[in-house]
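Heads up: the sequence shown begins at 0 in numbering that gives the first Met the number 0, then just goes up one per residue.
All residues carry an ideal CB built from backbone N, CA and C; glycine is no exception.
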Amino acid sequence: MEFLRTHSVRILAALGALVPLLVARWPGIDWYGLAAVAGALLGAGEVAQRVENSKTREALHETSPHDELATIHMQLAEYEKAHAEAAER
């Protein structure tokens, strides 16, 4: 299952690339079957997009170690500004 989650878009792209090859190889292929395959690929593309969106959402909800550093930097900047104003007086 992890393999499908990791490589779902690549697998879908490979299957999507095979459809035109099937038509070129067998020009007498049943168009109803080809339409069903195309519809299934579109549905699978939607699922793959949702999987990728969920992975992006998970990654965005992780806290970054840079967030803490940015907070410390802001505090240091405020401290320096306050002390620079006091030194001018």
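Identity of the residue in the options nearest residue i by Cα
| i | options | result |
| --- | --- | --- |
| M0 | A83, E79, K80 and V50 | V50 |
| H6 | W30, P26, R24 and A43 | A43 |
Distance CB(residue i)-CB(residue j) smaller than 8 angstroms
| i | j | result |
| --- | --- | --- |
| A47 | V8 | yes |
| L21 | I10 | no |
| L14 | L41 | no |
Residues of its chain near residue i, where Cβ-Cβ distance is below 7 angstroms and the 5 sequence neighbours each way are ignored
| i | result |
| --- | --- |
| R24 | none |
Beta-carbon proximity list for residue i, same chain, < 8 angstroms, skipping 5 on both sides
| i | result |
| --- | --- |
| V18 | L33, V36, A37 and L40 |
| the stretch 62–69 / the stretch 27–36 touching (three or more Cβ pairs under 8 angstroms) | no
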